[in-house]
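Student: Residue numbers (full-length UniProt numbering): 1 to 266. Each residue gets a CB set at the ideal place from its N, CA and C atoms; glycine is no exception.
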Ligand SMILES: NC(=O)C1=CN([C@@H]2O[C@H](COP(=O)(O)OP(=O)(O)OC[C@H]3O[C@@H](n4cnc5c(N)ncnc54)[C@H](O)[C@@H]3O)[C@@H](O)[C@H]2O)C=CC1
Ligand SMILES: O=C(O)C1=N[C@H](C(=O)O)C[C@H](O)C1
């Protein structure tokens, strides 16, 4: 039985991951929260709503990592990089779902994952990962004749923008079209900003209420358009995906993987 520890245990995702780990027959060996969090000391299972587990939410990163096979971390990029560092020191696997990484932070994550197996993915759902694959084919087939725009919608508590999934969708399309995402992504249009360039990939962000997560990539041509959309109705496929990744990554060769590797979609 895989021993899973969860970081961000009292968060929206952390709670669902604890439930998913139990449903998958894994042992929840530890649960972490930030020092000073009001739920430190409480039973992680009771907080997640799946009954007492006898595992108190802790703020002791070293002790929790020591006791697990794999840490699942849904927090923030800075916290995830610290967790990756500690997992590397203790030779434990890690699954990271946090989003909002800068290119420099992603490079640092790859460096830190040289000695341990790690999965880092902006979206753990099967559906979104199949979309990544479809987007590559569609972009390659359409080529430069269609304008690409991406729109993402999320709940009003989300801290990063655009979403990690939207960024990855943009990267997949840019790569398929032979463009440099960092040069062609356009996050902002305002005022007399001029006509749209052929190369740019526009990115729009909507925030409100309790929207779990929705992404649409538009390929807009003359007289027709294709829309590839994914809508998340609950967080449960993200949490089940992260547990699947945790079971997959334990015992793998060191290196940085993503959900395409976990799902065999590469
Ligand atoms: N990869 C994926 O499939 C998905 C990724 N996400 C990402 O996961 C992250 C978390 O999302 P939510 O759960 O909605 O946020 P949240 O804010 O509900 O939960 C984050 C939790 O991390 C805790 N935390 C902060 N600092 C910590 C520290 N130093 N040690 C331990 N815990 C700490 C917070 O107290 C909070 O409880 C975000 O970056 C989000 O974009 C969310 C859903 C799916
Ligand atoms: O913060 C969220 O909620 C989500 N974040 C991920 C992202 O930024 O892509 C994935 C999902 O859409 C939910």
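1. Exposed or buried, residue 155, counting other C-beta atoms within 10 Å across all chains shown (16 or more means buried)?
2. So for residue 24, helix, strand or coil by DSSP?
3. To the nearest angstrom, report how far apart residue 135 and residue 160 are at their CA atoms.
4. Can you list the beta strand (DSSP E) stretches of 3 or more residues lying completely in the UniProt domain "Dihydrodipicolinate reductase C-terminal" (127-263), in chain order?
5. Let me know the secondary structure DSSP gives residue 78 once reduced to three states.
6. Report all residues from its chain with a CB closer than 6 Å to the CB of residue 42; omit the five preceding and five following residues, and keep chain order.
7. Would you give the residue range spanned by the beta strand (DSSP E) that residue 5 belongs to?
8. So, with DSSP's three-state summary, where would you put residue 40?
9. Residue 73 and residue 269 - do their beta-carbons sit closer together than 9 Å?
10. Could you check how far apart the C-beta atoms of residue 249 and residue 119 are, in whole angstroms? I think they sit under 8 Å.
11. Give me the pocket residues for ligand 2, defined as CB within less than 5 Å of any heavy atom, sorted by chain position.
12. Pairs of beta-carbons, one from the region 248-262 and one from the region 27-34, closer than 8 Å: are there three or more?
13. Residues in the same chain with beta-carbon distance under 6 Å from residue 122, minus the five sequence neighbours each way, listed in chain order, please.
14. Output the distance between the C-alpha atoms of residue 68 and residue 5, rounded to the nearest integer angstrom.
15. Below 8 Å, can you find three or more Cβ-Cβ pairs linking the region 219-237 to the region 194-202?
16. Please state whether DSSP places residue 18 in a helix, a strand or coil.
17. Short of 7 Å in beta carbon distance, which residues of its chain neighbour residue 184, apart from the five on each side in sequence? Order them along the chain.
18. Going by beta carbon distance, what residues of the same chain come within less than 8 Å of residue 26, once the five residues before and after it are set aside?
19. Relative to the C-alpha of residue 236, which candidate in 10, 7, 14 has its C-alpha closest?
20. Tell me which residue opens and which closes the beta strand (DSSP E) that residue 117 is part of.
21. Would you call residue 258 buried or exposed, if buried means 16 or more other Cβ atoms sit within 10 Å of its Cβ?
22. Just to confirm, does residue 234 get its C-beta within under 8 Å of one of the non-hydrogen atoms of ligand 1?
23. Can you tell me whether residue 63 is helix, strand or coil according to DSSP?
Tutor: Put simply:
1. For the purposes of this step, residue 155 is taken as the residue at position 155 of the chain shown. Label assigned to residue 155: exposed.
2. For the purposes of this step, residue 24 is identified with residue 24 of the chain shown, where counting begins at 1. In the three-state DSSP reduction, residue 24 falls in the coil class, being neither helix nor strand.
3. For this step, residue 135 is matched to residue 135 along the chain shown. For this step, residue 160 is matched to residue 160 along the chain shown. Cα atoms of residue 135 and residue 160: separation of roughly 23 Å, rounded to the nearest angstrom.
4. Segments of the beta strand (DSSP E) lying fully in the UniProt domain "Dihydrodipicolinate reductase C-terminal" (127-263): 147-154, 201-207, 213-220, 225-232, 255-257.
5. For this step, residue 78 is matched to residue 78 along the chain shown. Reduced to three states, the DSSP call for residue 78 is helix.
6. In the chain shown, counting from the first residue as 1, residue 42 sits at position 42. So the qualifying residues of the chain are 57.
7. For the purposes of this step, residue 5 is taken as residue 5 along the chain shown, with counting starting at 1. Taken as a continuous stretch (DSSP letters only), the beta strand (DSSP E) holding residue 5 covers 3-7.
8. Start at 1 with the first residue of the chain shown, and residue 40 comes out as number 40. Residue 40 falls in the coil class under three-state DSSP.
9. Beyond the ends of the chain as shown, which are 1 and 266, falls residue 269; an answer cannot be given.
10. Translated into positions along the chain shown, residue 249 becomes position 249. Translated into positions along the chain shown, residue 119 becomes position 119. Confirmed, about 5 Å.
11. What you get when you keep residues with a C-beta closer than 5 Å to any heavy atom of ligand 2 is 99, 122, 123, 158, 163, 164, 165, 213.
12. Touching, no, given that fewer than three Cβ pairs across the two stretches are closer than 8 Å.
13. Working through the chain shown from its first residue, we reach residue 122 at position 122. Once the five neighbours on either side are set aside, the close Cβ partners of residue 122 are 99, 164, 165, 168.
14. Taking the first residue of the chain shown as position 1, residue 68 is located at position 68. Taking the first residue of the chain shown as position 1, residue 5 is located at position 5. When rounded, the separation of the alpha-carbon atoms in residue 68 and residue 5 is 6 Å.
15. As far as the Cβ criterion goes, the region 219-237 does not touch the region 194-202, which means the pair count is below three.
16. To locate residue 18, count along the chain shown from 1; it is residue 18. Correct three-state label for residue 18: helix.
17. If you number the chain shown from 1, residue 184 lands on position 184. If we look at residue 184 and ignore the five residues flanking it on each side, its Cβ neighbours are 174, 199, 200, 201.
18. Numbered from 1 along the chain shown, position 26 holds the residue referred to as residue 26. Closer than 8 Å at Cβ, skipping near neighbours: 1, 2, 3, 4, 243, 246, 247.
19. Taking the chain shown and counting its residues from 1, the one referred to as residue 236 is at position 236. Looking at the Cα atoms, 14 is the closest of the given residues.
20. Stepping through the chain shown from its first residue, residue 117 is reached at position 117. For residue 117, the uninterrupted beta strand (DSSP E) run begins and ends at 117-120, by DSSP.
21. As a working mapping, residue 258 is identified with position 258 in the chain shown. Residue burial annotation: residue 258 is buried, with at least 16 other C-beta atoms found within 10 angstroms of its C-beta.
22. Here residue 234 corresponds to residue number 234 of the chain shown, with the count starting at 1. A distance criterion of 8 Å places the beta-carbon of residue 234 beyond contact range of ligand 1, judged by its closest non-hydrogen atom.
23. As a working mapping, residue 63 is identified with position 63 in the chain shown. Helix at residue 63.
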